[in-house]
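Everything below concerns the one structure shown next.
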Amino acid sequence: MVHWLWYCMVINVAYKASLGSFMTVPAHGAEFTRMDEILDSKLITMATPRSMHIMNATTATTRISRTFMKRLQLLPPTNFEQIIDRLVVKRDIALFEVKRFMYYYSIPQAKRIKVKIPIRFLPGCLLRTHTTQFMFNGGSYLIEPVNAVLSTLFETGIVDHWIIHLGSNKVLPLEKIRGRVLKLVRLKEAFLFLFFSYAVASAVLVVEICWSARLHRRLLSWLGP
């Protein structure tokens, strides 16, 4: 059961990684492909309080990250559609937020100007959500086992696959931005493996009980009445 719970945690993190945060810039304007190009521009970089909290906890001590955090402004408490309208109409901000969230609120603007997506997502500015999902309080008993799992993921190349798949500077197709719903049918192999393991464990338990009873009877026969 413990291994099954760890497997569920890894699947959950892998799924959340596919919904990672992206820097979003106006669709019409300068061509941005890297974070440093945005920092050299006159765009105002903004983020929601949740994204700001995550970045404050996970930002590395590089020049780009320090400059980015200095320029990053907290979004005012307003309707997020107004932020998207500003991003599309005024084109004076770059926004850091979860891509599915931004896609959802950009639909009205997309219908208004008759395009699929009225904003551009920069995959190169991806926040590595497969690590930011694991944030614990200091001294938590979960730190060591989670570190062991993440180390295994790094060693097997799964994390590198996520980075290559999600962090390349390619134009994102609509289905990657919109995201896909996680359905149980996609975990059927995991459930089959779980039930197979339960069946094997039950069979081993029955064999052990029968074998123990047999040995007990044989021992009684040797000892005699």
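Heads up: the sequence shown is residues 0 to 224, going by numbering that gives the first Met the number 0.
Just so it is clear, CB atoms sit at the ideal spot from N, CA and C, and this is done for glycine as well.
From residue i to residue j, what distance separates their C-alpha atoms?
{"i": "P76", "j": "A189", "result": "42 Å"}
{"i": "H67", "j": "T47", "result": "The displayed chain sequence assigns Phe, not His, to residue 67. So the alpha carbons of these two residues sit roughly 15 Å apart."}
{"i": "Y102", "j": "I92", "result": "16 Å"}
{"i": "R213", "j": "S196", "result": "25 Å"}
{"i": "F120", "j": "S40", "result": "16 Å"}
{"i": "G138", "j": "V148", "result": "18 Å"}
{"i": "P117", "j": "F100", "result": "14 Å"}
{"i": "L38", "j": "K113", "result": "30 Å"}
{"i": "W210", "j": "V184", "result": "39 Å"}
{"i": "L191", "j": "V206", "result": "22 Å"}
{"i": "V199", "j": "W221", "result": "33 Å"}
{"i": "L193", "j": "R49", "result": "35 Å"}
{"i": "K115", "j": "V203", "result": "56 Å"}
{"i": "E36", "j": "K187", "result": "44 Å"}
{"i": "H215", "j": "E143", "result": "43 Å"}
{"i": "K110", "j": "S201", "result": "57 Å"}
{"i": "V145", "j": "R90", "result": "41 Å"}
Could you pull out every residue in the same chain whose Cβ sits closer than 6 Å to the Cβ of residue i, ignoring the five residues on either side in sequence?
{"i": "F79", "result": "Y104"}
{"i": "V88", "result": "none"}
{"i": "R217", "result": "none"}
How should residue i be labelled, buried or exposed, when 16 other C-beta atoms within 10 angstroms of its C-beta is the threshold for buried?
{"i": "Q108", "result": "buried"}
{"i": "S167", "result": "In this prediction, S167 scores a pLDDT of 47, lower than 50, which makes its location untrustworthy; the coordinate-derived value is nonetheless stated afterwards. Looking at its Cβ environment, which holds fewer than 16 other Cβ atoms inside 10 Å, S167 is exposed."}
{"i": "I208", "result": "exposed"}
{"i": "L42", "result": "buried"}
{"i": "H129", "result": "Because H129 sits at a pLDDT of 43, beneath the cut-off of 50, its placement in the model cannot be relied upon, and the point is left open."}
{"i": "K69", "result": "exposed"}
Ignore the nearest five residues each way along the sequence and tell me which others in residue i's own chain have a CB closer than 7 Å to its CB.
{"i": "D84", "result": "Q108"}
The beta strand (DSSP E) that contains residue i, what's its start and end?
{"i": "I92", "result": "92-97"}
{"i": "I83", "result": "Careful: I83 lies outside any beta strand (DSSP E), inside the alpha helix (DSSP H) at 79-84."}
{"i": "I43", "result": "43-46"}
State yes or no: is the C-beta of residue i within less than 9 Å of the C-beta of residue j?
{"i": "I106", "j": "L94", "result": "no"}
{"i": "L86", "j": "M51", "result": "no"}
Can you find the residues in the same chain that come closer than 8 Å, C-beta to C-beta, to residue i, ignoring five residues on each side of it along the sequence?
{"i": "M45", "result": "L71, Q72, L73, L74, I82, I92, A93, L94, F95"}
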